[in-house]
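Residues 104 to 276 in the numbering used here are what the sequence shown lists, from first letter to last.
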Amino acid sequence: MSRKIKELVQQELKSHFDGVNELIVVSLRGIDGNDNNVLRGELLQKQIRLRVVPNSLASRVFEGMDMGSIRDVLSGPCAIAYGAENIVDLAKALIEWDKKLEKFEIKGGFLEGRTLDAAAAKDLAKMPSRAELQGQVVSLALAPGGRLVSQIGSPAGCLAGCVKALIEKLEAA
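Printed below as a string of structure tokens:
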């Protein structure tokens, strides 16, 4: 490939990965065409993009984006998975495919300025998603108020029960 063509490909890759700051590197070696199409279709429904890139060109592009350490993960035929709402959702979707396809392999990733090895990238799938974390925060924020309401209501309920019993006693007499 001539230098001019490499520069054009690098510019195209840079435009595709512009704004991407979290990604996972996977290997698609040995996956047949049908499985590859199904994989890409289902990932695309989840807003996940999968792009096969030449390692040397990807290394140069990512280095220009302050993601140069990702070159440690780029070995052999690689595809870059990015998108989804967050990297946890991305990792969960890729782990599903890792279980479905024998030859699918998660090689590593990049998150918040750090390169992740394969084990760390797979561990992301075990974390709660953003929506789950937001739900936990809301529930924690509402818990003290709920306890306060129940503690205020409990003595009032006992007092109301005593007053009712006293009224019934006096009415019966």
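Note that the Cβ used here is the ideal one computed from N, Cα and C, for glycine as well.
Open item on the list: Within 8 Å, do at least three Cβ pairs link the segment 131 to 147 to the segment 159 to 177?
Closed with: no
TODO: Go ahead and pull the three-state DSSP assignment for residue 173.
DONE: helix
- [ ] Look at the alpha carbon of residue 122 and the alpha carbon of residue 254, and state the distance between them as a whole number of angstroms.
- [x] 50 Å
TODO: Inspect the beta-carbon positions of residue 186 and residue 148 and report whether they are closer than 8 Å.
DONE: no
Task: Reduced DSSP category for residue 120 - H, G, I as helix; E, B as strand; rest coil - done: coil
TODO: Output the distance between the C-alpha atoms of residue 191 and residue 212, rounded to the nearest integer angstrom.
DONE: 12 Å
Open item on the list: Taking the straight line between their C-alpha atoms, what separation do you get for residue 134 and residue 206?
Closed with: 6 Å
Open item on the list: When you compare the CB positions of residue 155 and residue 116, do they come within less than 8 Å of one another, or not?
Closed with: no
- [ ] Note down the Cα distance separating residue 107 from residue 227, rounded to an integer number of angstroms.
- [x] 39 Å
TODO: Taking all protein chains shown into account, decide if residue 222 is buried (16 or more other Cβ within 10 angstroms of its Cβ) or exposed.
DONE: exposed
- [ ] State the start and end residues of the unbroken beta strand (DSSP E) segment that holds residue 197.
- [x] Element bounds for residue 197: not the beta strand (DSSP E) but the alpha helix (DSSP H), 190 to 203.
Open item on the list: Please classify residue 235 as buried or exposed, where buried requires at least 16 other C-beta atoms within 10 Å of its C-beta.
Closed with: exposed
Open item on the list: Looking only at its chain, what residues have a beta carbon closer than 8 Å to the beta carbon of residue 181, apart from the 5 residues adjacent to it on each side?
Closed with: 128, 129, 130, 155, 156, 158, 161 and 210
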